[in-house]
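First comes the structure, then the notes that go with it.
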Amino acid sequence: MPYINCRLMEGVLSDDQKAEIAEQFTETIVSVVGEPVRGLTWVLIDDITSGQLTIGGRPVTTEGVKE
């Protein structure tokens, strides 16, 4: 079964946007592997707590992503 884990900064995308991302990832897998895999495809979207991710040693925040 395909398992897709997408990590996003909390508070940036709406629940509807996250649902669209999950749907599009599923459609991509189905387009490559075939329709039978649709019901077996898992998409997990994790929210990363603001400030818990760093890039180049600097914390990334929700506010920074929105800018």
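Note that the numbering used here has the sequence shown beginning at 1, numbered continuously upward. C-beta: ideal position from N, C-alpha, C; glycine also.
- Task: Tell me whether Met1 is buried or exposed, calling it buried when 16 or more other Cβ atoms sit within 10 Å of its Cβ.
- Result: Exposed, by the Cβ-count rule.
- Query: From Gln24 to Val60, what does the alpha carbon distance come to, in whole angstroms?
  - Reply: Approximately 26 Å between the Cα atoms of the pair.
- Thr62 versus Ile45, Glu27, Gly51, residue with shortest Cα-Cα distance: Answer by Cα proximity: Gly51.
- Coil, strand or helix - Asn62 by DSSP: Checking the displayed sequence, the identity of residue 62 turns out to be Thr instead of Asn. Collapsing the DSSP output to three states places Thr62 in a helix.
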